[in-house]
Amino acid sequence: MAAAAVTQRSLALNLFLLSIILSITALATARPMFTNERPCEEIYIVGKGETLQTISAKCNAPFILVDNPQIQDTDDIYEGLPLQITY
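For what it's worth, my numbering labels the leading residue of the sequence shown as 1, then goes sequentially.
Now the structure itself:
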């Protein structure tokens, strides 16, 4: 009985340590969420077929509508439209 309890505790501890190691590895290899890199210029010109969603993902800029009050509706964007991108 006691041997089984020790084995069960040992297995639980090993699984716990493995989860910590995997978490640290994932954090170490993940792309940083906030960096000084700017994937887009401060003024971004909308290209053909782009949407606010694709631009937001490309530029890592979730607040495009807030930064561009001239856009009243997400359908108001068109090719050649300049957008303010802030980080």
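The C-beta atom is built at its ideal place from N, Cα and C for all residues, glycine as well.
Have a look at the DSSP bridge pairing and note the partners of residue i.
i, result
"I64", "I64 pairs with nothing; no bridge assigned."
"I45", "P82"
Flag this pair as yes or no: are the beta carbons of residue i and residue j separated by less than 8 Å?
i, j, result
"Q84", "N68", "yes"
"I55", "P82", "no"
Using DSSP with H/G/I as helix, E/B as strand and the rest coil, what is residue i?
i, result
"L81", "coil"
"I21", "helix"
"T7", "helix"
"T74", "helix"
"A40", "Just to set this straight, residue 40 is Cys in the shown sequence, not Ala. C40 falls in the coil class under three-state DSSP."
"T54", "helix"
Using 8 Å for Cβ pairs, my map puts residue i next to residue j. What's the rounded Cβ distance?
i, j, result
"K58", "E79", "Between E79 and K58 the Cβ distance is about 15 Å, and since that is not below 8 Å, they are no contact."
"T74", "L52", "5 Å"
Would you report the Cα separation of residue i and residue j, rounded to the nearest angstrom?
i, j, result
"E42", "F63", "13 Å"
"Q72", "R38", "26 Å"
"A26", "I20", "10 Å"
"L18", "C40", "39 Å"
"T7", "F16", "14 Å"
"R11", "S23", "In the sequence under discussion, the amino acid at residue 11 is Leu, which differs from the Arg named in the question. Cα-Cα distance, rounded: 18 Å."
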